[in-house]
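Undergrad: Numbering (the working numbering), first residue to last: 23 to 197.
Ideal Cβ positions, reconstructed from N, Cα and C, are used throughout, including at glycine.
First the structure, then my questions, so here it is.
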Ligand SMILES: Cc1cc2nc3c(=O)[nH]c(=O)nc-3n(C[C@H](O)[C@H](O)[C@H](O)COP(=O)(O)O)c2cc1C
């Protein structure tokens, strides 16, 4: 039964999260979506490979969701890629092949900083190249990333609600 969209959230500090917490609370209520908080899924630093494989086999598409930390994802998604993707992708049964994957990220900086002229000197597409290359190497289908900028604790409720609608639409598109 692979009609589920699996959201893999990498966030080491979800208790103090405003933005990702808000988005996650939405996807918990949506049918056909299953949610995994990667930081809470490790025991002694390791994921349960068989449990993760089972979840992936039930999945029609994946979402890699995270706040940008130092122009990358937090560590738990990188751990997941190393520990879970490697044994699947380099096996005779790479069932990730053909599976769509979308990055959804939140960033503290404003969108104009993610330009060649801006403070960060690079675009979002450039920043996410390692994720795109990883998806490509796994034979997955890279979907256009969805980013939210200027995410801070004092974000007005109206902005959160607007973001939530965009988020919902991008998830539903994967169904
Ligand atoms: C350790 C750390 C590193 C961060 N690095 C970046 C960064 O490189 N670029 C950026 O735009 N925001 C950066 N931020 C801001 C976070 O992306 C922002 O706080 C987060 O997306 C807000 O989502 P949340 O409410 O779910 O935590 C960083 C925050 C922390 C705590």
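Assuming residue 58 contacts residue 77 under a Cβ cut-off of 8 Å, what Cβ separation, rounded to an integer in Å, is found between them?
TA: The pair is a contact, with the Cβ atoms about 6 Å apart (cut-off 8 Å).
Undergrad: How about residue 105 and residue 68: do their beta carbons lie closer than 8 Å?
TA: Yes, Cβ-Cβ distance for residue 105 and residue 68 is below 8 Å.
Undergrad: So the candidates are 51, 126, 79; which of them puts its Cα closest to the Cα of residue 118?
TA: For the residues 51, 126, 79, the minimum Cα distance to residue 118 belongs to 79.
Undergrad: For the region 107–114 against the region 35–50, are there 3 or more C-beta pairs whose distance is under 8 Å?
TA: Contact between the region 107–114 and the region 35–50 is absent, because fewer than three Cβ pairs lie under 8 Å.
Undergrad: By DSSP, does residue 138 sit in helix, in strand, or in coil?
TA: Of the three classes helix, strand and coil, the one that applies to residue 138 here is coil, per DSSP.
Undergrad: Note down the Cα distance separating residue 170 from residue 178, rounded to an integer number of angstroms.
TA: Roughly 14 Å between the two C-alpha positions.
Undergrad: Apart from the five residues on each side of it in sequence, which residues of its chain come closer than 7 Å, Cβ to Cβ, to residue 140?
TA: Hits under 7 Å: 134.
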